[in-house]
Structure formats: C-alpha cells, structure tokens
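Student: Just so you know, we're using my numbering here: the sequence shown kicks off at 3 and counts up by one. Note that CB positions come from ideal geometry on N, CA and C, so glycine has one too. If you're wondering where the values come from, they're calculated on a predicted model, not measured in any experiment.
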Amino acid sequence: MGKKDIITKEYMEDTEVFADVFNHMIYKGEKVIDPKNLKELDTANVIIPYGADGAEVPYQKYRDVFKILCAMEDENAVYLLLGVENQSNVHYAMPVKNMVYDSLEYAAQVQKAEASHKKARKEKEPKEKKPDSAEFLSGFYREDRLLPIITVVVYFGADSWDAPRSLHEMLVVQDKNILSLVPDYRINLIAPGEMSEEELELFTSNFREVMQFIKYSKDTEKLSQLVEENTAFETMDRKAVRVMEEMTGMKIERKEEEETVNVCKGLRDLQEKGRVEGIQIGAEHEQRLTKALLNDNRIDDLKRALDDSAFRQKLLEEYGID
3 MGKKDIITKE
13 YMEDTEVFAD
23 VFNHMIYKGE
33 KVIDPKNLKE
43 LDTANVIIPY
53 GADGAEVPYQ
63 KYRDVFKILC
73 AMEDENAVYL
83 LLGVENQSNV
93 HYAMPVKNMV
103 YDSLEYAAQV
113 QKAEASHKKA
123 RKEKEPKEKK
133 PDSAEFLSGF
143 YREDRLLPII
153 TVVVYFGADS
163 WDAPRSLHEM
173 LVVQDKNILS
183 LVPDYRINLI
193 APGEMSEEEL
203 ELFTSNFREV
213 MQFIKYSKDT
223 EKLSQLVEEN
233 TAFETMDRKA
243 VRVMEEMTGM
253 KIERKEEEET
263 VNVCKGLRDL
273 QEKGRVEGIQ
283 IGAEHEQRLT
293 KALLNDNRID
303 DLKRALDDSA
313 FRQKLLEEYG
323 ID
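1) Per DSSP, what kind of secondary structure is residue 180 in: helix, strand or coil?
2) Check each candidate in 185, 199 and 294 and name the one with the smallest Cα separation from residue 228.
3) In its own chain, which residues sit with a C-beta less than 8 Å from the C-beta of residue 20, not counting the 5 before and 5 after it?
4) Have a look at 160, 319, 209 and 113 and flag the residue whose alpha-carbon is nearest the alpha-carbon of residue 195.
5) Per DSSP, what kind of secondary structure is residue 140 in: helix, strand or coil?
6) In angstroms with no decimal places, state the Cα-to-Cα distance between residue 263 and residue 35.
7) Rounded to the nearest angstrom, what separates residue 204 and residue 212 at their Cα positions?
8) Going by DSSP in three states, residue 87 sits in which element: helix, strand or coil?
9) Since residue 189 contacts residue 155 with CB under 8 Å, what's their CB separation in whole angstroms?
10) Kindly give me the distance between the Cβ atoms of residue 254 and residue 245, rounded to whole angstroms, as I take these residues to be in contact under 8 Å.
11) From the DSSP output, in three-state form, read off residue 102 for me.
12) Kindly list the residues whose CB is nearer than 8 Å to the CB of residue 298, restricted to its own chain and excluding five residues on each side of it in sequence; keep chain order.
13) When you compare the CB positions of residue 103 and residue 165, do they come within less than 8 Å of one another, or not?
14) Please state the DSSP three-state secondary structure of residue 96.
15) Spatial neighbours of residue 248 within its chain, please: C-beta separation below 6 Å, excluding the five flanking residues on both sides.
16) Tell me, to the nearest whole angstrom, how far the beta carbon of residue 250 is from that of residue 219; I am working on the premise that it is less than 8 Å.
17) If you draw a straight line from the C-alpha of residue 222 to the C-alpha of residue 176, how long is it?
18) Thinking C-beta only, is residue 158 closer than 8 Å to residue 112?
19) With DSSP as the reference, label residue 243 as helix, strand or coil.
20) Under the three-state reduction of DSSP, which class applies to residue 310: helix, strand or coil?
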C-alpha cells in the first residue's frame, strides 16, 4: 500500500468524515447517519440479522474502509454496510472492481446464513425451523434477508474522472437490445473537480475543506481566496492537512507539536519562505555571473546585464547558472 493510500485510508476511517460522505450521497447533506452509530468492520465479529439465534459470526473485510451502520428505527435494529474506495488516481475498471467487492460481500452473507442454519440444526436450536426442500438446498431460507451494501468511490484528484462510471460503458457491445439483458453496475463517485461549490457546501465535516482545497489546488488565486475567507482552514485536523498536502504536492508550514493546523498561516509562511529563498538564490546567481564575466574580461556585457534583465537571463543560461 502506497503512502497516498495509507494517508487517505487513515483519514476516511474517521467516523465524522465517513458519516459526512454517506449523508451527502444518500440524504443530500442532511445529518441522518450518526457517526456514533458507525462500527468498523475488520476481523472482529458483528451481529447480522439472520440465523436461528442471532449468533455473532466473523465478517471478512475486502475494501479500503468498510463500516456497519446500526441505527434504531421503530425499536428494530436497521443494518447497512457502507464501503469506501479511496482513489488517488483514476481507475479505468472501477465498476468491475466495486462490483466484485459487493458481490463477494453478498455471497459471504449467503454463506454465513447457510452456516448459521446448519449449526442451529446440528445443535437442535428450538427457534430453528425445519426447512423445506428448496430452503435446504439453497441454504438460504425464505425469511432470510441480506444487508444492503453501498460503496462510494472518493477520488482525491483535482481533475475530472475520465474513466467509465458503469459496467455498460466498459462493454465492447453497445447494442441497446443486448444491453437491456446485461445488468448494469454504476459507481457512486465523489470527485471534487466535478462538484459545484453548492454541492461541496453540503458536506459538514472537514471533508468539505479537503475537497475544496483539492478542487482549487491548480488555481493559486482561487485557492488563496478560499483559504483566506474560510475560517475553518484556521483550525484544520492534522490528518486532513496530510491528505491535502499529499494529494496536491503542497507543503503547508506547521509546528509538529500543534494539534490543529492554521492552513492560511501555513501557506503564507510557505510563500514568504519561498520569496526569501528566491531572493537568496537570485543574489547567488548574480555573484556567479559577475565573477564569470570579470574572469572573461566581458566588462561591457556586465554593464549591459545590470540594466537589461532579458540580456542578463541570456548570460545566466550561457554560463549554465540556474
């Protein structure tokens, strides 16, 4: 796993950010999913709503970040499996990649249902019903249900996503009659470069500032205006700042002991540092050029270089000074 993957995965594991992404995708920014109701799925056991006794069963993790939402609705537990795929680069087979992940998750649920029923029958659990022939053969009973799975692709790039967004787009055949019989699979995509400011404002965590920063990272003027005018950038979480740096290639000046980062000040400090370094480098170049011209007894060229910046630049290139 590369550095970018590690940084984005660590960031997206934050339940505030994770909930924000899915509230945006499912509920248009309304705070329906409570971060407190999110539980990460890993090698730990989780309770799934099938089987004779609701026994805990292991659940394997396939994707970057995968969580289970346990909410209460009418006194009944509502379960939903939520997955995030972090992409620092465009993936041209993303529909198939996600389809495989989701299919594996659904298949695992069916297998676990079958295993749960077998165990219950073997141990003669009183709540386990006697299956009919169809239920026995499939291992999945008429009353069994699967947990719905929603996967969201978060693209941490400033460019548009120019890869296929559905399985149908990847197929060599585009005949509508044939495609009507081929189930499609579309990805749920968040790509900051394609989102309007109004859409970005629907996010409520620092994920909003991260997406905005990436979106305008190639426009210095807009980025500076964004950071100067948005007070949220004055106290940014360190993990969020690491994502911003890694995805844009920018270095935001900060003190290691600080828990939060003032991005606005950090960028100003970086710009000032660059300006000072530029002056120092320029002075060194001038000294080297002057020495070279004097050594070659090119006094007239030296005098002209003092007044003509274009001619001075030409001389710098001539002597290989950069």
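Tutor: Walking through what the data contain:
1) helix
2) 199
3) Here the set comprises 14, 37, 40, 67, 69, 84 and 86.
4) 160
5) helix
6) 28 Å
7) 13 Å
8) strand
9) About 5 Å; that satisfies the 8 Å criterion.
10) Not confirmed; about 11 Å, so no contact.
11) helix
12) Leaving aside the five residues that flank residue 298 on each side, none in its chain has a CB nearer than 8 Å to its CB.
13) no
14) Helix.
15) Result list for residue 248: 6 and 9, in chain order.
16) 4 Å
17) Residue 222 and residue 176: Cα-Cα distance of roughly 42 Å.
18) In this structure, residue 112 lies away from residue 158, with their beta-carbon atoms at least 8 Å apart.
19) helix
20) coil
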